[in-house]
Amino acid sequence: MTKIIGLTGGIGSGKSTVANYIASKGIPVYIADEEAKKIMENADVKQRIQNLFEESVFNADETLNRKKIGELVFNNPSKLKELNAIVHPEVYDHFKNWVKKHKLSKPEKYAFRSFLLILSKITESFSITKDQGILNLN
Numbered sequence: 459m460t461k462i463i464g465l466t467g468g469i470g471s472g473k474s475t476v477a478n479y480i481a482s483k484g485i486p487v488y489i490a491d492e493e494a495k496k497i498m499e500n501a502d503v504k505q506r507i508q509n510l511f512e513e514s515v516f517n518a519d520e521t522l523n524r525k526k527i528g529e530l531v532f533n534n535p536s537k538l539k540e541l542n543a544i545v546h547p548e549v550y551d552h553f554k555n556w557v558k559k560h561k562l563s564k565p566e567k568y569a570f571r572s573f574l575l576i577l578s579k580i581t582e583s584f585s586i587t588k589d590q591g592i593l594n595l596n
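Following our numbering, the numbering of the sequence shown begins with 459 at its first residue and continues without gaps.
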């Protein structure tokens with residue numbers, strides 16, 4: 459059975475330290491925040507994000523202006539929810555493919571690091587075992 463170790467916490471809570479420790483034990487670690495940034499630069503995802511806003515959210519070089527997006531969603535919970543509804547499923551699909559790729563080397567456990575893990579609908583795809591903190595990929 460595939461085990462997913464979910465790492466979550468606020469800024470400065472030690473997620474990176476724990477993720478590095480887990481990785482040092484040979485367990486693959488998926489850094490959701492880093493992967494989400496890459497995924498958000500996908501042309502289709504960028505266009506869907508742009509469609510959420512009336513004004514342009516692109517920099518001059520056609521990359522997403524993350525600062526502007528942050529300002530637009532900071533005080534607008536409904537826009538943040540819409541943005542997350544675009545990005546989170548993409549991250550989850552990427553994560554599933556990442557797990558499949560890593561299964562070729564036969565690890566039994568994976569770590570998923572994201573401070574939004576608990577807040578995201580991604581958690582609907584996991585079930586917490588009685589070992590608390592070990593998540594099973596459904």
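Even for Gly, the Cβ is constructed at its ideal location relative to N, Cα and C.
A quick note: this is a predicted structure, and the numbers were derived from the prediction, not measured.
- Beta-bridge annotation (DSSP): Phe516 is paired with Leu522.
- The beta carbons of Lys473 and Gly467 sit about 5 angstroms from each other, so the pair counts as a contact at 8 angstroms.
- When only Cα atoms are considered, Ser482 and Ile489 end up about 15 angstroms apart.
- Comparing alpha carbon positions, the residue from His560, Lys559, Glu548 and Ala543 closest to Glu492 is Glu548.
- Look at the beta carbons and you see the stretch 502 to 518 touching the stretch 526 to 534: at least three pairs across the two are nearer than 8 angstroms.
- In the three-state reduction of the DSSP assignment, Ile544 falls in the helix class.
- Between the C-alpha atoms of Lys461 and Tyr479 there is a straight-line separation of about 17 angstroms.
- Between Val487 and Ala477 a beta carbon distance of about 5 angstroms is seen, short of the 8 angstroms cut, so the two are scored as contacting.
- The beta carbon of Ile544 sits closer than 7 angstroms to those of Val503, Arg506 and Ile507, all from its chain and outside the five residues before and after it, given in chain order.
- Bounds of the beta strand (DSSP E) holding Ile463 are Lys461 to Leu465.
- Phe532 sits exposed, since fewer than 16 C-beta atoms from the chains shown fall within 10 Å of its C-beta.
- Annotation: Asn500 is outside any alpha helix (DSSP H) and is labelled neither H nor E by DSSP.
- For Trp556, same chain residues with a beta-carbon under 7 angstroms away, outside a window of 5 residues either side, are Tyr488 in chain order.
- For Ile497, the closest alpha carbon among the candidates Ile469, Asn542, Leu510 and Lys558 is that of Asn542.
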